Structure formats: C-alpha cells, structure tokens
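**Q** Numbering (our numbering), first residue to last: 142 to 292. Note that CB positions come from ideal geometry on N, CA and C, so glycine has one too. Computed from a predicted structure; not experimentally measured. Dropping a structure here in structure tokens format, bear with me for questions.
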Amino acid sequence: MTTPSGSGVIDDIFKMPPVVDVAKGLVDYVITAVGGSDSGKATNTDNNSLLDPKAENHVLYGDGPTSGGHLSGVGNPGKSEFPATWTPQDITNAISDIATDPSTAWSKPAPGNGYVTGTGTINGVDIKVVVDPAKGRIVTGYPTNLPRNPK
Numbered sequence: 142m143t144t145p146s147g148s149g150v151i152d153d154i155f156k157m158p159p160v161v162d163v164a165k166g167l168v169d170y171v172i173t174a175v176g177g178s179d180s181g182k183a184t185n186t187d188n189n190s191l192l193d194p195k196a197e198n199h200v201l202y203g204d205g206p207t208s209g210g211h212l213s214g215v216g217n218p219g220k221s222e223f224p225a226t227w228t229p230q231d232i233t234n235a236i237s238d239i240a241t242d243p244s245t246a247w248s249k250p251a252p253g254n255g256y257v258t259g260t261g262t263i264n265g266v267d268i269k270v271v272v273d274p275a276k277g278r279i280v281t282g283y284p285t286n287l288p289r290n291p292k
C-alpha cells in the first residue's frame, strides 16, 4: 500500500526495524505532552466523560439562568465559565479526570444531600467537582479561579 500521493514514504518508514522504538517514543511523548503523572494537564484525551446527560447539560448549558452553564459564551449571571478554547469534551473530560484522580482530597459529606467536593487543576484552571456518592454520579464541576459573569 502506498500513500495517496503514491510516494510510499509511510510504507518505507514502517519497514524500518526501529519503527517499534519510534512508535513507543511517540506514545511516551504524547503521554508526557498531553498529560501524565504530575503533568498538570488533562490525561483524558478521548471522550471518556463520566458525566451523565443531566450533569453534562447542567455543567455546559445550565438548567436555567441561575443553575450551571459554565461553557464559554453561555453567559449565565454570576457563573464562572471555562476558557473559550475549551471544548465541551475538554470540560467534561477535565471534570472526570479530577473525579477519578486518586490524589483528589474529598470533603466530608454535606449535611442534607451528602454531596462531597474535590478540587483539581487542569491546564491552569482550578476546578471544583461535586459528587453524589449515594448515587455514584458527578453532579457538577466548575472553574473557581476564573471571573464570574456579572449578575
């Protein structure tokens, strides 16, 4: 098989004996560059969001003008928004990463609803994650070190 241009360059590369080492090096590079242990970057590069549809809608678009809506440009009054460069997938993956990070320190359950909160930093954005342990679901997540929209 040749490349669409017919050059066969890709074929030639994969015939080389050290290609396995090159591939391993690329994987190692991606893990380090995109995120790995202590990198401070999102490690969840695929769409592996752990948010159910209700939580995802709440986080991104909100349930009304005073509830959720943290996707850049939503504009809910008094709400912080994730950076404009973050996609919905980036947001849900970052929240999922913090929720599953073994180093996340969780609060004691809140009186009444029993929710616990934990925080983490992804690409310079501090994110608070709220989890309902009784139902085993992520409730919400939002940036805490970015400005809030005017009320």
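1. Could you check the C-alpha separation between THR207 and PRO291 for me, to the nearest Å?
2. Looking at the strands, I want to know which residues DSSP matches up with ILE279.
3. Tell me SER284's beta-bridge partners as DSSP assigns them.
4. Return the residue from the list ARG278, THR285 and LEU191 that minimises the CA-CA distance to ILE268.
5. If the criterion is Cβ atoms closer than 7 angstroms, does the pair ILE236 and THR245 meet it?
6. For VAL200, report the span of its alpha helix (DSSP H) as first-last.
**A** In this structure, then:
1. 12 angstroms
2. VAL272
3. The amino acid occupying residue 284 in the given sequence is Pro; Ser does not appear at that position. BP columns for PRO284 point to ILE268.
4. THR285
5. no
6. 194-201
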